[in-house]
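Read the structure below first, then the notes.
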Amino acid sequence: MRINTSFPGTIGTIASARRLMTSFLYNATASGTVVTEASVQGATLVASELVANAVKHTDGPVGMDLHIAALCGGYTVTPRAEGRQNTARLPLGTGGV
1 MRINTSFPGT
11 IGTIASARRL
21 MTSFLYNATA
31 SGTVVTEASV
41 QGATLVASEL
51 VANAVKHTDG
61 PVGMDLHIAA
71 LCGGYTVTPR
81 AEGRQNTARL
91 PLGTGGV
């Protein structure tokens, strides 16, 4: 399961990112992936903070690439030619963030 999209770099993007994260994780749950409510809330908060920072500190669109991976843990920032990519890896079925 994967969603890759971008939003304009405006204040409204933050709420859109929260809605996208919540919807993505609830759809994952409906598809059989174990995602606790605490994990949904934690992941939504992380997405909100990352997107808020991108809106505040950059000019232009904010991209989101959401996917469920088998192994989770940690936080990395990876430089890319067109800017920075923030990756948050969060446990989904063990009680949250």
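Residue 1 is where the sequence shown starts when you use this note's numbering, and the numbers rise one by one after that.
The beta carbon of each residue, even a glycine, is placed where N, CA and C say it ideally should be.
Assign residue i to one of two classes, buried (16 or more other C-beta atoms within 10 Å of its C-beta) or exposed (fewer than that).
i, result
"M21", "buried"
"M64", "buried"
"I14", "buried"
Alpha carbon to alpha carbon, what distance is there between residue j and residue i?
i, j, result
"A91", "A47", "Note that residue 91 is Pro in the sequence shown here, rather than Ala. Answer to the nearest angstrom: the Cα atoms are 14 Å apart."
"I68", "G60", "27 Å"
"A88", "V40", "13 Å"
"T62", "K56", "Thr is not the amino acid found at residue 62; the sequence shown has Val there. Between V62 and K56, the C-alpha separation is close to 11 Å."
"N53", "R18", "14 Å"
Would you kindly check if the distance between the Cβ of residue j and the Cβ of residue i is under 7 Å?
i, j, result
"T44", "V35", "no"
"S16", "F7", "yes"
"L66", "I11", "no"
Beta strand (DSSP E) runs contained entirely in the segment 12-70, provided each spans 3 or more residues:
Within the segment 12-70, the runs of beta strand (DSSP E) at least 3 residues long that lie entirely inside it are, in chain order, 62-67.
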